[in-house]
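Using the numbering used here, the letters of the first sequence map in sequence onto residues 6 to 109. Following: one structure in structure tokens, then a few remarks.
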Amino acid sequence: MEGTSRRIIELIRAIPRGRVATYGQIARMAGLPRGARQVARILHSSSRTRRLPWHRVINASGGISLAPGYGGELQRALLEKEGVVFLRGRVNLRRYAWRPTLTG
DNA sequence: AACCTGACTTCGG
DNA sequence: TCCGAAGCCAGGT
């Protein structure tokens, strides 16, 4: 596996419970400013997906991109179970976006 | 190598 | 706020 992919995996693993990150955010943090689709690809194809908090990655609008019937409801349920609140199908990124600044 | 395909994002109307 | 179009980029055919 290539280095950036590994970085992306590590970043996703670092998203804390009750917080979310966008595909684009993870991509930027991994050094791929326009690599949002690559983040999505890795989530979709990686056999390691089962070991990742994949449900904490959402789109730039604060919504769930995974189609209903293909994990969409599950993703929302998992997030809600962590205390993330949805309003009109979206989460408030101001409130729930992961900000890995303090305490590492 | 050309072409297609996304768990995306941004911009303009 | 809600689409549609265009941009993006790596992996699959």
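Note that beta-carbon positions come from the ideal geometry of N, C-alpha and C, so glycine has one too. As the structure is a prediction and not an experimental result, all values here were calculated from the model.
Beta-carbon separation of residue i and residue j under 9 angstroms?
i    : j   : result
G67  : V44 : no
A26  : I69 : no
Y101 : R24 : yes
L57  : L48 : yes
A32  : I14 : no
Just how far apart, CA to CA, sit residue i and residue j?
i   : j    : result
L92 : Y28  : 20 angstroms
G40 : A72  : 21 angstroms
W59 : Q30  : 14 angstroms
G88 : P105 : 19 angstroms
A82 : E7   : 32 angstroms
L16 : G77  : 22 angstroms
Q80 : V90  : 13 angstroms
K86 : G94  : 15 angstroms
Name the DSSP bridge partner or partners of residue i?
i    : result
T27  : I63
R95  : L92
A102 : V25
May I ask you to report which of helix, strand or coil DSSP gives residue i?
i   : result
L71 : coil
L37 : coil
L79 : helix
L19 : Per the sequence shown, residue 19 should be read as Ala rather than Leu. Of the three classes helix, strand and coil, the one that applies to A19 here is coil, per DSSP.
S50 : helix
L84 : helix
How would you label residue i, buried or exposed, when you count the other beta carbons within 10 angstroms and need 16 or more for buried?
i   : result
R61 : buried
A65 : exposed
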